[in-house]
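Using our numbering, the first residue of the sequence shown is number 302, and each one after it goes up by one. Report on the following structure.
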Amino acid sequence: MAAVLVIEALDGDQQVVPARILPAAIGWLPRYLWTNGITTILFWGLFMPLLWLAGQETSLWNWPSFAPTAILLLPMLF
């Protein structure tokens with residue numbers, strides 16, 4: 302977030318002052334942790350078990366090894 306704030310300051314022709322940037326970046330920390338927590342729960346708690354389950358089923362049908370990933374990722378495109 303600090304890099305984004307620095308770029309915004311540079312785009313606005315403002316001077317980059319770390320004493321102003323760092324407190325603003327720390328203010329975004331709870332949102333960052335919340336977002337990463339949700340992503341982690343979805344990936345490790347939902348996607349990985351489904352990937353394992355799909356791998357078990359597709360191995361019984363002699364499908365290629367990328368089939369479980371494709372089965373789970375293709376619906377995410379839509």
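Virtual Cβ for every residue (Gly too), placed ideally from N, Cα, C.
Cβ separation of residue i and residue j, assumed to be a contact under 8 Å, to the nearest whole Å
i: A310; j: L323; result: Contact doesn't hold; Cβ gap of about 12 Å is too wide.
i: A355; j: P376; result: About 12 Å separates the two Cβ atoms, so there is no contact after all.
With 16 other Cβ atoms within 10 Å as the buried cut-off, status of residue i
i: P365; result: exposed
Selected residue, minimal CA-CA separation from residue i, among the options
i: L347; options: L306, L373, A320 and T336; result: L373
i: A371; options: W335, L352 and S360; result: L352
CB of residue i within 9 Å of CB of residue j, strictly
i: I306; j: A320; result: Note on residue identity: the sequence assigns Leu, not Ile, to residue 306. Taking 9 Å as the Cβ cut-off, L306 and A320 do not qualify as a contacting pair.
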